[in-house]
Structures are given as structure tokens and as C-alpha cells.
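The letter at position 99 of the sequence shown is residue 99 when you use full-length UniProt numbering, and the numbering goes up by one with no holes.
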Amino acid sequence: MTTRRVRGTGDGAIAVPGLPAVSNRHTASDYFREAMTVLQESGFPALTAAGLCSRMGVTRGSFYHHFESFDDFVAQLLAYWEQHYSRDLIAKSLSHDLRSQINKQAEFAISLPHGAEAAFRAWGTINPRVAAAQQRVDRLRHGGLAESLRRHGIPQEKADVYATIALATLAGMQVTQRPFDPAALRAVYDELARTLGRDVLPD
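This is the structure we're talking about:
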């Protein structure tokens, strides 16, 4: 797969604890982060080029300096979501200790921008590109979770079932809870870990 080069992410970065470096000029990543906030707060109908520019205090010309069109922006936003909220989190959750790994994976799932993810699912019902990205993210998360368990010796069938339950629970709670209740998801994941642990986790 060819990685698309994003314009406008050059020098002058300012480090902010807990966040990627932000330039003293707006970068493409700044637009993506703001878009995730819009999705989180207001859903996909509120996400427009004009709305983003207004929120960020920039001109439309600034937006189109980074993106060829709004469709191009959406394509890059979806790639950003897949990378930062799936691939990166999967990689960071891996551990030589299975119990620690499961705890990390639960924490990462709980920390996701659940309102934004619910907005992507709703958006995908009318936008094939968003739907394809959503399905790709679901497959990526399921495959990453199941494979991480198999590396610890958990049988493939059990790992796949665990991953299916974990992802179905996440998606279901994201679209049915308003507001999202992190404690409820934690309770489900704790019970799922206990069920898995009866067979494979050390005491």
C-alpha cells in the first residue's frame, strides 16, 4: 500500500506533553485532531471544511493547502484514525506477560474516542469509503487482538472467540450508550479476562 505524503508538516514543531508535536502553523494532524473532536461532540453531519476552519480560526485556503479536496481530507482522516487508534495501540499493548497485555488492551479500548467512533459507524451507513475504513479497522483490531493471544499459547479458536466478544462489546456499547460509560466497559472486560483466565492465565 502506498503511503500518501501529507503537506504542511514541516519544521517549527512544539512539543506538548501527552500529544504529538504541534507546529506553530497548523499541520494536517491538527485538522485530524480537531475533526475527531467534532465527531466526538457533534457527529459526522457537523464535520465540514468550513466548520473546521471556523473552529481553528483559519481560512479555507489554509485547509486546501493541506488537502486537495474535502474527499481527500476524509480519506486522510480515515487513515489517521486507523493508524493512531488501531495499529499504534495494538503495537503498544504487546507484552511478554499475558496478564499485563490483557490489562493494557482493555485500557486502550476504554480510552478510545467512543463518540467519534460511533460517528464513524453512523457515517459509514451512507458513505461507502467510511464503511470500508470501519470494516478495515474492525478486522485489524480483531486480528491484532487474536494474534497477540495466540502468541502466548492460547488456542486459535479460543483467541478468536475472545477477540470477537471484546470487539462486539466495544462496538455495541459505543453505539448504544449516551454518554459512554467507561466503567461499564471495564466491568465487561474484567469478566471476560476472568473467563479467559480460568484456563490460561497464571494465578
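Just so you know, even glycine gets a beta-carbon here, dropped at the ideal spot from N, CA and C.
Nothing here was measured: the structure is a model prediction, and the numbers come from that model.
Taking each of 55, 116, 83, 149 in turn and checking the Cα distance to residue 101, the smallest one comes out for 149.
Membership of residue 128 in the alpha helix (DSSP H) is indicated by the continuous run 128-150. Segment contact: the region 149-164 against the region 61-81, fewer than three CB-CB distances shorter than 8 Å; contact not assigned. Excluding residues up to 5 positions away in sequence, 56, 58, 62 lie with their Cβ nearer than 7 Å to the Cβ of residue 26 in the same chain. For residue 68, no alpha helix (DSSP H) segment is defined, and its DSSP state is neither H nor E.
When secondary structure is reduced to three states using DSSP, residue 179 falls in the coil class, being assigned neither helix nor strand.
For a cut-off of 8 Å, the C-beta gap from residue 186 to residue 110 is around 6 Å, short enough to register as a contact. Residue 153 carries a coil assignment under DSSP once its states are collapsed to helix, strand and coil. For the pair residue 140 and residue 166, the CB atoms are not nearer than the 9 Å cut-off. A residue is called buried once 16 or more other Cβ atoms fall within 10 Å of its Cβ, and residue 96, having fewer, is exposed. DSSP, read as helix, strand or coil, puts residue 45 in helix.
For residue 115, the enclosing alpha helix (DSSP H) covers residues 114-124.
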